[in-house]
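Working notes for the structure below.
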Amino acid sequence: MRLILMTGKGGVGKTSVAAATGLRCAELGYKTLVLSTDPAHSLADSFDMELGHDARLVKPNLWGAELDALRELEGNWGAVKRYISEVLKAQGLEGVQAEELAILPGMDEIFGLVRMKRHYDEGIYDVLIIDSAPTGTALRLLSLPEVGGWYMRKFYKPLQGISAALRPLVEPIFRPIAGFSLPNKEVMDAPYEFYEQIEALEKILTDNTVTSVRLITNPEKMVIKESLRAHAYLSLYNVATDLIVANRIIPEEVTDPFFKRWKENQQEYKQEIHENFRPLPVKEVPLYSEEMCGLPALERLKETLYKDEDPSKVYYTENTIKIVQDNNQYVLELYLPGIAKDQIQLSKTGDELNVRIGNHRRNMVLPQALAALQPSGAKMEDDYLKIKFA
């Protein structure tokens, strides 16, 4: 299965790009599912048809679905939700409040990842396109196996065994005092099962022959900054970005004086997009005179984006950014093929790293792990600029 994740700041047009990409893949004969995991779903509006949690046929070879976090919660976490509700009710909360608070923050993002893994295992579709939450913040959960691995294996697993053995002995004393039961085996097993699924999914998402992220951006200052930040976080977890889509560019034929300043600014920001994401390929999409709603509009967007191309291909295979740890130091590796070290100047302002190569400048928004540190040295090696932070 080919897995393509569309992400970007809210409102940049990632849902339209995801839907148009699905149309082209289906046209080429791939069984394609476009799945929205964004809590603020708009995929149904894009296709201009009703969609739900289960996949619905949009046209031959193309299905659409919008993740229902509550249904995933009941199917995958129902026993835990009911147990948390029981505990909260014992503490005096009313039924509705307890039910709401039992849905822990971030659970919808976890369920999005789990559903991706389920589709991958089932192998029903050739291409799975994810209309992701803004900036792909759900992918930060990929740090869970690394951060929680020791805890889950060394502490949680033995705790499961101890809990199962002690529960029959302690429960008769515990429940009358506390007002709720000790967690049963189903409740205790659920967190570890989630951990195993996300650990397995991490291997899929970090395989750049299977998974690619496509960043959708607009030629606007704040949107570009957010896209750079998303790229940095994706690289932090070794998830490859293979394409940038610069959307909503005012066409040359628009000559109204009202748009003169907008067009001048967009020219400057377009250049920034190409420079800051180099050597990733960039596709430019114009601002259309109509909403991207319904299949006819999406067909036009599909033609602009892909023409005769196969969007399921990997557009770029090299990881343009790598972040590794070396002797208690972080090393940021930027892919800059054909550039000599003496051409490069570095400076850091706040959470931004500025890389100047001759007359060209590249701004990179650093992840939090590096934002508080200072560059302590740099060298070119195998077409990568390797910058140490201390």
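If you read the sequence shown in this note's numbering, its first letter stands for residue 7, the second for the next number, and so on.
Built from N, CA and C at the ideal position, the CB exists for glycine as well.
Top-ranked residue by Cα proximity to residue i, from the options
i, options, result
"Leu-211", "Gly-300, Leu-119, Gln-277, Ile-255", "Leu-119"
"Glu-274", "Leu-39, Glu-226, Lys-394", "Glu-226"
"Ala-246", "Glu-358, Glu-281, Glu-208, Ala-252", "Glu-208"
"His-4", "Ile-136, Glu-128, Lys-65", "Residue 4 falls outside the range modelled here, since the chain spans only 7 to 396, and no answer is possible."
"Tyr-89", "Ala-24, Lys-191, Ser-241", "Lys-191"
"Arg-362", "Leu-352, Thr-223, Asn-334", "Leu-352"
"Gly-356", "Glu-72, Ala-346, Leu-372", "Leu-372"
"Val-219", "Leu-34, Lys-319, Ala-170", "Lys-319"
"Tyr-341", "Gln-349, Glu-309, Glu-324", "Glu-324"
"Lys-328", "Ile-183, Gly-167, His-237", "His-237"
"Asn-334", "Leu-359, Thr-217, Phe-395, Ser-169", "Phe-395"
"Leu-301", "Gly-35, Ala-26, Leu-9, Val-18", "Ala-26"
"Tyr-390", "Lys-266, Arg-284, Thr-310, Met-158", "Arg-284"
"Met-113", "Leu-293, Asp-54, Leu-76", "Leu-76"
"Leu-134", "Gly-28, Ala-206, Lys-20", "Gly-28"
"Val-86", "Ser-295, Pro-189, Ala-346, Glu-100", "Pro-189"
"Thr-326", "Phe-53, Cys-31, Ala-61, Asp-388", "Asp-388"
"Ser-52", "Lys-65, Asp-348, Ser-22", "Ser-22"
"Glu-258", "Val-251, Asp-248, Gln-272", "Gln-272"
"Leu-39", "Asp-262, Val-64, Asp-248, Glu-100", "Val-64"
"Lys-231", "Glu-278, Ala-171, Val-260, Arg-254", "Glu-278"
"Met-158", "Ser-169, Pro-197, His-125", "Pro-197"
"Glu-92", "Lys-354, Ser-233, Leu-107", "Leu-107"
"Asn-253", "Val-291, Val-176, Tyr-201, Ile-393", "Val-291"
"Asn-214", "Glu-205, Asp-248, Asp-195, Leu-359", "Asp-248"
Beta strand (DSSP E) segment containing residue i, residue limits
i, result
"Met-194", "Run containing Met-194: none in the beta strand (DSSP E); it sits in the alpha helix (DSSP H), 191 to 211."
"Leu-286", "Where Leu-286 is concerned, there is no enclosing beta strand (DSSP E), given that its DSSP letter is neither H nor E."
"Leu-376", "Where Leu-376 is concerned, there is no enclosing beta strand (DSSP E), although the alpha helix (DSSP H) it sits in stretches over 374 to 377."
"Ala-252", "247 to 255"
"Leu-340", "335 to 341"
"Arg-159", "Run containing Arg-159: none; DSSP gives neither H nor E here."
"Gln-331", "327 to 332"
"Ala-384", "381 to 387"
"Thr-223", "217 to 223"
"Met-7", "Element bounds for Met-7: n/a, residue is neither H nor E."
"Lys-15", "Careful: Lys-15 lies outside any beta strand (DSSP E) and carries neither H nor E."
"Gln-349", "Where Gln-349 is concerned, there is no enclosing beta strand (DSSP E), given that its DSSP letter is neither H nor E."
"Ile-135", "133 to 137"
"Ile-393", "390 to 395"
"Thr-43", "Run containing Thr-43: none; DSSP gives neither H nor E here."
Enclosing alpha helix (DSSP H) for residue i [first to last residue]
i, result
"Tyr-312", "301 to 312"
"Phe-283", "266 to 283"
"Leu-293", "It is not in any alpha helix (DSSP H) - Leu-293 carries neither H nor E in the DSSP assignment."
"Gly-28", "20 to 33"
Close beta carbons around residue i, own chain, < 8 Å, minus the five adjacent residues each side
i, result
"Met-228", "Lys-15"
"Gln-203", "Leu-119, Val-120, Lys-123"
"Gly-129", "Met-7"
"Val-330", "Tyr-336, Val-337, Glu-339"
"Val-216", "Met-7, Arg-8, Leu-9, Ile-210"
"Arg-62", "Met-55, Glu-56, Trp-69, Gly-70, Ala-71"
"Tyr-294", "Ala-303, Arg-306, Leu-307"
Own chain partners of residue i with C-beta closer than 6 Å, once the 5 adjacent residues on each side are dropped
i, result
"Lys-4", "The requested residue 4 does not occur in the structure, where the chain is confined to residues 7 to 396."
"Ser-42", "Leu-49, Glu-72, Asp-137"
"His-59", "Asp-74, Arg-77"
"Leu-11", "Ile-136, Ser-138, Val-219"
"Arg-235", "Val-371"
Contact set for residue i: own chain, Cβ-Cβ below 7 Å, skip 5 residues either direction
i, result
"Trp-268", "Ile-256"
"Leu-57", "Leu-49, Ala-50, Gly-70, Ala-71, Glu-72"
"Arg-30", "Lys-308, Tyr-312, Pro-317"
"Val-288", "Ile-250, Ala-252, Ile-279, His-280"
Ordered list of alpha helix (DSSP H) runs contained in the segment 54 to 113, each at least 4 residues: 75 to 96, 101 to 107
Would you check if the segment 376 to 384 and the segment 304 to 316 touch, i.e. whether three or more CB-CB distances between them fall below 8 Å? No, because fewer than three Cβ pairs between the segment 304 to 316 and the segment 376 to 384 fall closer than 8 Å, the two stretches do not touch.
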